[in-house]
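Just so we're aligned, residue 128 is where the sequence shown starts under our numbering, counting upward by one.
Glycine residues also receive a C-beta, built at the ideal position from the N, C-alpha and C atoms.
Let me begin by presenting the structure, written as structure tokens, before commenting on it.
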Amino acid sequence: MQKAIEDFLQHLVVERGFSQHTLDAYRNDLGQFADFLKEKMNGASERSDVWERVDLDLLNDYIADLRGRKGYRDTTTARKVAAIKSFFTFLAQNGVIEEPPTESLGSPRVGRALPKYLTEDEVERLLREADKAGTAEAQRDANILELLYATGLRVSELVSLNVQDVDFEESYIRCWGKGSKERIVYAHDKALNGLQDYLSTSRMSLLGQNKEEAALFVNHRGERLTRQWVWNILKTYSKRAGIDQKITPHTLRHSFATHLLQKGASLRHVQELLGHSSISTTQVYTHLTSEHLRDEYEKSHPRAV
128 MQKAIEDFLQ
138 HLVVERGFSQ
148 HTLDAYRNDL
158 GQFADFLKEK
168 MNGASERSDV
178 WERVDLDLLN
188 DYIADLRGRK
198 GYRDTTTARK
208 VAAIKSFFTF
218 LAQNGVIEEP
228 PTESLGSPRV
238 GRALPKYLTE
248 DEVERLLREA
258 DKAGTAEAQR
268 DANILELLYA
278 TGLRVSELVS
288 LNVQDVDFEE
298 SYIRCWGKGS
308 KERIVYAHDK
318 ALNGLQDYLS
328 TSRMSLLGQN
338 KEEAALFVNH
348 RGERLTRQWV
358 WNILKTYSKR
368 AGIDQKITPH
378 TLRHSFATHL
388 LQKGASLRHV
398 QELLGHSSIS
408 TTQVYTHLTS
418 EHLRDEYEKS
428 HPRAV
């Protein structure tokens, strides 16, 4: 039971860049849920199939316990339910369970936080900073950041790429997203040209004797990069670029989606590029672009200037 929770918490740090404060909250919420399962299931909570035995009735009992016996407010209860939903989605995506039992689980309605994104100027500063050093590692890093912004890839998708997944002739990359779903993402010429240069120079240098490595992006030992490594790369260059807000690889994904919508891309096309199974997930970006539209209106309308 505890191993699955720890694996999920590691995912939150590396994949989603959660702060230590947020991580502690998730650890507490899931630990509390695990204690509830131990109380309800008795010895069955230690079985290897414990997560498969959790059903909607048990989850509703837990929510009733939170709101009744423990007296939590709606905002706190909603946070704890969100942690459980995210956890079971993670278990399903990693093959621990077949389907998450949380699909139809209700939760108190609270406001939804908007994703953070960079301005176009901040993205330009970030990418320029990565280009400066001139070393093999710097060229690799510059291509990683350029590709994340050019494609909207998740960091887990990026580090899983192999050289053979890039089709330079057709200008696309084949990747595998959540639930091992294959999708095609497109990249502009600048990103692909830089990637070709990296493959013929810096990657060969980084590989050393490890010429058989299939990974697109490798470290100084010629081994596949990890998600944590990419996260550290982004932290390093964002600091050098003078970007004040804390950003993660997912921030570039948010920036990719927001800037496409601001430039007139349709919500449906952005959904496909991001690999969202439901358009409702993509719709959160419309709240970000509405502010941009208001600014454009105020600059352009004859009576508003």
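- Query: For E356, which beta-bridge partners are listed by DSSP?
  - Reply: The displayed chain sequence assigns Trp, not Glu, to residue 356. DSSP lists no partner for W356.
- Task: Please report the Cβ distance between F163 and D192, rounded to the nearest whole angstrom; I am assuming they are in contact, meaning their Cβ atoms lie under 8 Å.
- Result: 7 Å
- Item | Exposed unless 16 or more other CB atoms sit within 10 angstroms - verdict on A257 | buried
- Identify whether R281 lies in helix, strand or coil by the three-state DSSP scheme. coil
- Message: Can you look up E226 in the DSSP assignment and give me helix, strand or coil?
- Response: coil
- Query: Taking DSSP as the reference, what is the three-state secondary structure of D201?
  - Reply: Residue state, collapsed to three classes: helix.
- Item | For N346 and L286, the rounded distance between their alpha carbons | Per the sequence shown, residue 286 should be read as Val rather than Leu. Rounded to whole angstroms, V286 to N346 spans 11 Å at the Cα level.
- Alpha-carbon spacing of F295 relative to D371, whole angstroms: 35 Å
- Using CA coordinates, which residue listed in N221, T328, V250 is at the minimum distance from G261? T328
- Item | Per-residue burial, T246 [other beta carbons within 10 Å of its own, 16 or more giving buried] | Here T246 is exposed. Its C-beta has fewer than 16 other C-beta atoms within 10 Å.
- Going by other Cβ atoms of all chains shown within 10 Å of its Cβ, with 16 needed for buried, is N320 buried or exposed? exposed
- Item | Whole-angstrom distance between H315 and Q137, CA atom to CA atom | 33 Å
- Below 8 Å between beta carbons: does that hold for S365 and V250? no
- Message: Just to check my reading of the structure: V141 and W303 have Cβ atoms closer than 8 Å, yes? What is that Cβ distance to the nearest angstrom?
- Response: Not quite, the Cβ-Cβ distance comes to about 17 Å (not below 8 Å), so this is no contact.
- Item | Minimum length 3: unbroken beta strand (DSSP E) runs contained in the region 309-348 | 309-313
- Task: Answer with buried or exposed for T385, where buried requires no fewer than 16 other C-beta atoms within 10 angstroms of its C-beta.
- Result: The Cβ neighbour count for T385, taken over all protein chains shown within 10 Å, is at least 16; the residue is labelled buried.
- Considering only the beta carbon of each residue, do S405 and R354 sit closer than 8 Å? no
- Item | Validate contact between the region 266-279 and the region 328-339 using beta carbons, cut 8 Å, 3 pairs | yes
- Task: Drop a sphere of 10 angstroms on the beta-carbon of V397, count the other beta-carbons inside from all chains shown, and report buried for 16 or more, exposed for fewer.
- Result: Counting every other CB atom within 10 Å of its CB across the protein chains shown gives V397 a total of 16 or more, marking it as buried.
- Query: Rounded to a whole number of angstroms, what is the C-alpha to C-alpha distance between L387 and R380?
  - Reply: 11 Å
- Query: Hey, I374 and I271: beta-carbon distance below 8 Å or not?
  - Reply: Going by C-beta atoms, I374 is not nearer than 8 Å to I271.
- 7 Å Cβ shell around R310 - same chain, five flanking residues per side excluded: Around R310: C302, G304, G402.
- Query: If we call anything under 8 Å between Cβ atoms a contact, is V312 one with G279?
  - Reply: yes
- Among Y276, L254, Y189, K390, the one whose alpha carbon lies nearest that of P376: Y276
- Task: Take I190 as the anchor and find which of D176, Q159, D151 has the nearest alpha-carbon.
- Result: Q159
- Sub-8 Å separation of L157 and A210 beta-carbons: Taking 8 Å as the Cβ cut-off, L157 and A210 qualify as a contacting pair.
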